[in-house]
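One structure is given here, and the rest of the page talks about it.
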Amino acid sequence: MQITYNEIAELIGRTEANMKYMKKHNPEQLELLKIGGLCKKYNISLKDLEAIIKLKEDIKK
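Going by this note's numbering, 42 is the number at position 50 of the sequence shown; the sequence numbering is gapless.
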């Protein structure tokens, strides 16, 4: 699963160039935007994320 800089930019009202700038100067923020963008792109809700986290924790046990 991937999301492009262009897709992220469209979601937040920025340009692809802004995303490339962010990659260099604020990679942590870009990583959070990628995660949020993927959730939006694949229609993953907060409830879905909670279930995934719980499943991951259960597997570790």
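Every residue, glycine too, gets a C-beta built ideally from N, C-alpha and C.
- If you look at tyrosine 13, you'll find it in the alpha helix (DSSP H) that goes 8 to 17.
- Collapsing the DSSP output to three states places glutamine 21 in a helix.
- DSSP places isoleucine 4 in the helix class (H, G or I) of the three-state scheme.
- Rounded to whole angstroms, the gap between the alpha carbons of proline 19 and aspartate 50 is 31 angstroms.
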